[in-house]
Structure formats: C-alpha cells, structure tokens
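Trainee:
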Amino acid sequence: MARDAAPKLLSGGNPQIAKGYGDAVLQSYIDAMPGWKQDVGRRIDALVTAVVPDVVKAVKWNSPFYGMEKDVWFLGFHCMSKYVKVAFFKGAQLVPLPPGASKQADVRYLDIYEDRRFDEAQFSDWVRQASALPGEKM
Numbered sequence: 001m002a003r004d005a006a007p008k009l010l011s012g013g014n015p016q017i018a019k020g021y022g023d024a025v026l027q028s029y030i031d032a033m034p035g036w037k038q039d040v041g042r043r044i045d046a047l048v049t050a051v052v053p054d055v056v057k058a059v060k061w062n063s064p065f066y067g068m069e070k071d072v073w074f075l076g077f078h079c080m081s082k083y084v085k086v087a088f089f090k091g092a093q094l095v096p097l098p099p100g101a102s103k104q105a106d107v108r109y110l111d112i113y114e115d116r117r118f119d120e121a122q123f124s125d126w127v128r129q130a131s132a133l134p135g136e137k138m
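Below you can see the structure in the form of structure tokens.
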C-alpha cells in the first residue's frame, strides 16, 4: 500500500491500522473511521484524554486502546456496521454497570449509535472509575 493511500476498511467499516503506540497512531485510526463514526472516535478520545491526561494510547488488532501503562488497558473501541462498540475491560466493577453484557465476566460494553443520545457525563465517570482499576494485560 502506498504511504498516502487510505487505510483499508474491514467489516463494519473498521479501519485496518498497523499496530503501534502513542497518540499519532491512534489519531490515524480515528482519521480513517468512516462517516459519523469519526466524530464519535474524536469525542471518545477527547473525553478519555480530559479525564486521564497521562493516558497511554495504542492501536492493536485494528482497535484503539487506552491504559495507564503500556499493554495494560482499561478501555478500547471498535467500529461495527451501525455503531461504535466501547469495551470497558473491567466494566463489571463500574457503577452503574455499562449496559452491554459480554461473554467475558469482567467486560462490559457501551454501544454508541449515530441517532441515539451519548451520555458524555456518564461515559467520563466510567472512564474515571475504569482508569483507577487494575487494567487488562494484552
């Protein structure tokens, strides 16, 4: 792929971005998010960064990750066909629980749709709580 070519979009419109660490690679992922999802990605990033100014950022497995140290993550997100899926890796310990259950006992999800209200205050509180918990090593 040429250096200036747009990233390939995988199923659900999820950008295919090479694994990397830091804000620049995460911004590359967000820049490649299709349509309205790009605004959601920018908002998620801005809220996480506002709540946790020293957050560690990466893209792994074509998904952005946020943590308190390298390879230990509290949150990630992924583009799906009709929504952006946010994963709180220790979400079962958050109060109130994020609404989406998982096959993994600790994980809880928040699905953000284009035409539904996104409670930024609640999201920010979950980020604050999640960042204070031991992260998930990945």
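Position 65, counted from 1, in the sequence shown is what UniProt numbering calls 65; the numbers after and before it change by one each time, with no gaps.
The beta-carbon is built from N, C-alpha and C at its ideal position, and this holds for glycine as well.
Remember, predicted model here, so these are calculated numbers, not experimental data.
Please state whether the Cβ-Cβ distance between residue 111 and residue 96 is less than 9 Å.
Mentor: For residue 111 and residue 96, no; Cβs fall outside 9 Å.
Trainee: For residue 55, name the three-state secondary structure that DSSP assigns.
Mentor: It is coil, neither helix nor strand.
Trainee: Can you name the start and end residues of the alpha helix (DSSP H) that residue 23 belongs to?
Mentor: 23-32 is the extent of the alpha helix (DSSP H) around residue 23.
Trainee: I'd like the span of the beta strand (DSSP E) that includes residue 63, first residue to last.
Mentor: Start and end: 63-69.
Trainee: Near residue 10, what residues of its chain come up, given a Cβ to Cβ distance below 7 Å and the 5 sequence neighbours on each side ignored?
Mentor: Answer for residue 10: 16, 62, listed in chain order.
Trainee: Between residue 121 and residue 19, what straight-line distance do the alpha-carbon atoms span, to the nearest angstrom?
Mentor: The straight-line gap from Cα to Cα measures roughly 30 Å.
Trainee: Answer yes or no: do residue 133 and residue 93 have a C-beta to C-beta separation smaller than 9 Å?
Mentor: In contact: residue 133 and residue 93 (Cβ atoms closer than 9 Å).
Trainee: Look up residue 128 in the DSSP assignment and say whether it is helix, strand or coil.
Mentor: Residue 128: helix per DSSP, three-state reduction.
Trainee: Out of curiosity, what's the CA-to-CA distance linking residue 2 and residue 8?
Mentor: Summary for residue 2: the model assigns pLDDT 43, below 50, so the residue's position carries little reliability; its value from the coordinates is reported in the next sentence. Their backbone Cα atoms lie some 12 Å apart in a straight line.
Trainee: Which of the three DSSP states is assigned to residue 48 in this structure?
Mentor: Helix.
Trainee: For chain C, check one thing: does any of its Cβ atoms lie closer than 9 Å to the Cβ of residue 63?
Mentor: Of the protein chains in this structure there is only one, and it is not chain C.
Trainee: Which residue comes first and which comes last in the beta strand (DSSP E) that contains residue 76?
Mentor: Start and end: 72-79.
Trainee: Just verifying my parser: in three-state terms, what is the DSSP assignment at residue 135?
Mentor: Correct three-state label for residue 135: coil.
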